[in-house]
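In my numbering, the protein residues as written are 1 to 85. Where a beta carbon is used, it is the ideal one built from N, C-alpha and C, also for glycine. Written below as structure tokens is the structure these notes are about.
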């Protein structure tokens, strides 16, 4: 485990190995959270990976229930028939 010291103005210096592995660049913003005494720094690109947008899924089911209106209507009709059994 690596250790850092808190300096004046409550500043810390991240070890170069951590900066390299995390892909942190000059002027990058980090999200900071503290819960139960555990301080977590999260890079913006890591945070973006964890929180996918609903728009990332847009169009992902295209053609799943048929490619044409007729195919989609036939699919729905078949599903509705299964409810009555």
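Contact defined as beta carbons within less than 8 Å: I believe residue i pairs with residue j. What is the distance between those atoms, to the nearest angstrom?
i, j, result
"residue 23", "residue 42", "In fact, because the Cβ distance is near 12 Å, the residues do not count as touching under 8 Å."
"residue 18", "residue 30", "Going by Cβ atoms, the distance from residue 18 to residue 30 rounds to 11 Å, so no, they are not a contact pair."
"residue 12", "residue 6", "6 Å"
I'd like to confirm the pairing. Which residues does DSSP put opposite residue i in its beta bridges?
i, result
"residue 33", "40"
To the nearest angstrom, how far is the alpha carbon of residue i from that of residue j?
i, j, result
"residue 77", "residue 53", "32 Å"
"residue 39", "residue 14", "14 Å"
"residue 59", "residue 67", "13 Å"
"residue 33", "residue 63", "42 Å"
"residue 82", "residue 61", "22 Å"
"residue 4", "residue 16", "12 Å"
"residue 65", "residue 45", "34 Å"
"residue 25", "residue 57", "29 Å"
According to DSSP, is residue i helix, strand or coil?
i, result
"residue 75", "helix"
"residue 53", "coil"
"residue 13", "coil"
"residue 60", "coil"
Kindly indicate the opening and closing residues of the alpha helix (DSSP H) around residue i.
i, result
"residue 20", "16 to 22"
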